[in-house]
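Going by full-length UniProt numbering, the first residue of the sequence shown is number 1, and it counts up by one from there.
Idealized CB from N, CA, C, for every residue including glycine.
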Amino acid sequence: MNRIAPGSADLIRRPDPRQATLAYESGTVPVHCSAWPPEEPLPLYPALAGHIETDVVVIGAGLAGASVSLHLAELGVATVTLEARQPANGASGRNAGHVQPFLDVLEPLQAWPDKGRRLVDALIQHRNIVYDLCLKHGIQGDASPDGLLEAAFQPSAALEQKARRWRDFGYEVNPVDAAQVRTMLGTERYRWGIHWKEGGRVNPYLFTQGMVAAAARLGARVYGDSPVSACEKDGQRWRVTTPWGTVLARRIVVCTSGHAGNAFFPQLAQTQYPLVACGLATRPLPDALLETLNPSRVVFTQFPTGLYPLVIDGRKRLVTATIPGPGQAGNAETHFNYLLRYLHRTFPQTRAFTLELESYWTGVTASSSHVYHQDYAKFYRVEDNVFALMNLGTWGNVMGPLLGMSLARALAAGRPEDCVLPLEAPVPVRFPGLFEFKVRRLMIPAARLVDKLGFT
């Protein structure tokens with residue numbers, strides 16, 4: 001099955017190339033173009049029709065919204081979940097599938113009231129939340145805790161310091177030498193690395209859908225194809241309007257971020273730095289290649305560039321994501337050729353095989369900062385009893401479920417300030433296009449050069 005929107009060049013070449021290019025550049029190609037949805041479509045959630053009432057309405061059914069809904073339902077809180085299309089339609093169903101159970105930098109947390117202590121403690125305690133939720137709720141999310149490997153051309157003091165910090169927190173993480181990297185990855189190109197024995201991979205689309213299904217089984221009412229057009233105060237409660245229905249709720253949680261937008265609370269859309277990313281997946285790889293290409297099945301990323309986080313999924317496909325060059329988001333062939341050159345250079349054994357592109361897609365992340373690795377998620381008080389959990393950047397697979405759980409518990413206790421994120425008022429960013437400009441025009445070209453030349 002070819003999923004390059006919706007065939008290698010169908011969306012690019014017909015019927016209107018300008019429309020196709022806009023869809024890729026805006027990250028709005030259909031989610032079924034991504035590698036993650038199953039070939040047999042999942043059941044659809046019906047649109048909201050008529051008037052209903054609830055305690056909490058969750059707007060958005062991505063990783064964060066799904067987790068909020070699931071954990072509220074577990075705690076017996078009456079919950080309605082509204083999704084503009086279907087669960088996992090946005091960035092949550094389009095990411096690279098890696099499960100990173102640590103934070104790259106902690107220094108920005110020093111500006112928080114608690115210096116980030118609650119967030120770090122929660123992450124340490126629940127670093128396996130993806131796999132725990134899959135096990136607890138029977139979620140078939142192709143989740144595999146195979147660990148992660150950050151590979152480098154030479155030893156890095158910064159990576160060693162990060163490993164020591166998290167090892168002190170109780171993580172299993174250690175440096176590996178060239179021989180160990182070769183054994184784990186099947187390449188001699190990298191001479192050093194950091195091996196995280198925790199973390200791994202997940203199918204983010206199936207994982208998100210699985211959390212929503214679990215929430216529904218526990219009593220949450222879930223509605224798809226129900227874009228919110230207005231949120232208006234109605235006495236002591238809020239009236240949430242969709243095309244065919246309304247919800248009267250005591251509290252609102254907005255979890256929409258980059259894809260759906262926030263026309264009903266426009267101040268939220270002004271808090272983020274959007275960034276278009278593209279994803280690629282090969283057709284299933286032959287067993288003869290899989291014997292030597294990443295035989296350990298760790299999630300593999302490169303230091304310092306992180307150019308191609310590589311996952312081999314349960315269907316034997318190589319899945320990755322990267323950032324397209326300016327005006328190049330619609331060019332699947334260009335980005336697949338970039339990937340092939342990287343693979344042939346890093347894994348010479350791939351040259352003996354024909355690797356084919358199965359899927360190519362784009363999506364939009366929303367970050368809180370234009371500084372890489374300082375884009376922590378945000379928890380906003382928008383209005384009285386209206387909250388927003390958003391701007392998860394590239395950390396959604398772990399942070400979405402973790403923060404959603406924390407927020408749900410805080411709301412159930414009637415103490416939103418107990419969430420592990422500081423409760424803030426939304427503040428507009430000054431130059432929302434700055435992050436994308438820096439990454440697409442400066443950082444990615446530099447990263448390609450660094451990787452090509454083998455610098456660190």
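Residues of its chain near residue i, where Cβ-Cβ distance is below 7 angstroms and the 5 sequence neighbours each way are ignored
i	result
GLY219	ALA73
LEU133	ILE139, MET211 and PRO401
HIS373	ASP104 and VAL105
GLY170	ILE124
SER406	ALA122, CYS419 and VAL420
Assigned exposure category for residue i - 16 Cβ within 10 Å defines buried
i	result
SER229	exposed
PHE431	exposed
LYS233	exposed
LYS162	buried
THR271	buried
PRO113	exposed
ALA277	buried
HIS71	buried
ASN95	buried
ASP375	buried
THR208	buried
GLN19	exposed
GLY141	buried
LEU453	exposed
ALA377	buried
ALA111	exposed
PRO309	buried
6 angstroms Cβ shell around residue i - same chain, five flanking residues per side excluded
i	result
VAL58	GLY65, VAL68, SER69, THR81 and VAL253
ARG189	THR346
ILE52	VAL247
LEU289	PHE353
ARG351	HIS344
ASP10	Confidence is the limiting factor: at ASP10 the pLDDT is only 41, short of 50, which leaves the residue's position unreliable, though a coordinate-based value still follows. Around ASP10: no qualifying Cβ.
LEU75	ALA412
ALA214	LEU70 and HIS137
Selected residue, minimal CA-CA separation from residue i, among the options
i	options	result
SER369	PHE387, TYR380 and TYR273	TYR273
residue 492	VAL427, ARG237 and LEU148	A question about residue 492 goes unanswered here, because the residues of the chain that appear run from 1 up to 456.
PRO348	THR292, ALA446 and CYS278	THR292
THR282	THR21, LEU449, CYS33 and ARG18	CYS33
ALA249	VAL77, TYR24, GLN19 and LEU42	VAL77
ALA265	GLU333, SER367 and VAL382	Sequence inspection shows Phe at residue 265; the Ala mentioned does not correspond to that position. Of GLU333, SER367 and VAL382, the residue nearest in Cα terms is VAL382.
THR394	ASP55, LEU44, GLY90 and ALA20	GLY90
VAL398	THR79, ARG127 and TRP36	ARG127
MET443	VAL371, PRO422 and ARG409	VAL371
ALA178	GLY193, PHE169 and ARG164	GLY193
residue 478	ALA20, GLU39, ARG85 and VAL99	The structure shown does not extend to residue 478, since the chain is modelled only from 1 to 456, so the question has no answer here.
PRO324	GLY27, GLN19 and GLY186	GLY27
GLY396	VAL202, ALA412 and PRO422	VAL202
ARG167	ARG18, PHE102 and LEU75	PHE102
GLU436	LEU453, GLY327 and TRP361	GLY327
PRO43	ILE129, ALA88 and PRO295	ALA88
GLY245	LYS115, HIS137, GLU83 and LEU123	GLU83
ASP146	GLU424, ARG441, ASN294 and ARG237	ASN294
THR322	LYS316, GLY314, TYR338 and ARG315	TYR338
ARG153	ALA122, LEU185, GLY186 and ARG191	A small fix is needed here, since residue 153 is Phe in this sequence, not Arg. When only C-alpha atoms are compared, the closest one is ARG191.
Close-in-space but distant-in-sequence residues of the same chain around residue i (CB under 8 angstroms, 5 per side omitted)
i	result
PRO243	ALA47, SER226, PRO227 and SER229
GLY306	ALA447
ALA143	VAL99, VAL130, TYR131, CYS134, GLY200, ARG201, VAL202, ASN203 and PHE207
Beta-carbon proximity check, residue i vs residue j, cutoff 7 angstroms
i	j	result
residue 534	LEU389	The requested residue 534 does not occur in the structure, where the chain is confined to residues 1 to 456.
PRO416	GLN267	no
LEU280	THR365	no
PHE336	LEU357	yes
THR256	GLY60	yes
VAL240	TYR45	no
TYR360	ALA329	no
LEU355	LYS316	no
VAL181	ALA151	yes
Residues bridged to residue i [DSSP beta-bridge criterion]
i	result
ASN128	According to DSSP, which records beta bridges pairwise, ASN128 is partnered with nothing at all.
SER144	ARG201
TRP166	For TRP166, which the question treats as bridged, DSSP gives no partner whatsoever.
TRP361	GLY279
PHE265	In the DSSP output, where bridge partners are listed per residue, PHE265 has none listed.
ILE316	Rather than Ile, the amino acid found at residue 316 in this sequence is Lys. DSSP lists no partner for LYS316.
ILE59	LEU82 and VAL254
VAL99	GLY200
GLY50	GLY245
ASN174	HIS195
ALA321	GLY279
TRP238	LYS233 and ALA249
ALA151	GLY193 and GLN302
LEU159	Note: LEU159 sits in no beta bridge, so no partner.
LYS136	Answer is none; LYS136 lacks a bridge partner.
Min CB distance residue i to chain D below 7 angstroms
i	result
LEU355	Among the chains of the structure shown, chain D does not appear; only one protein chain is present.
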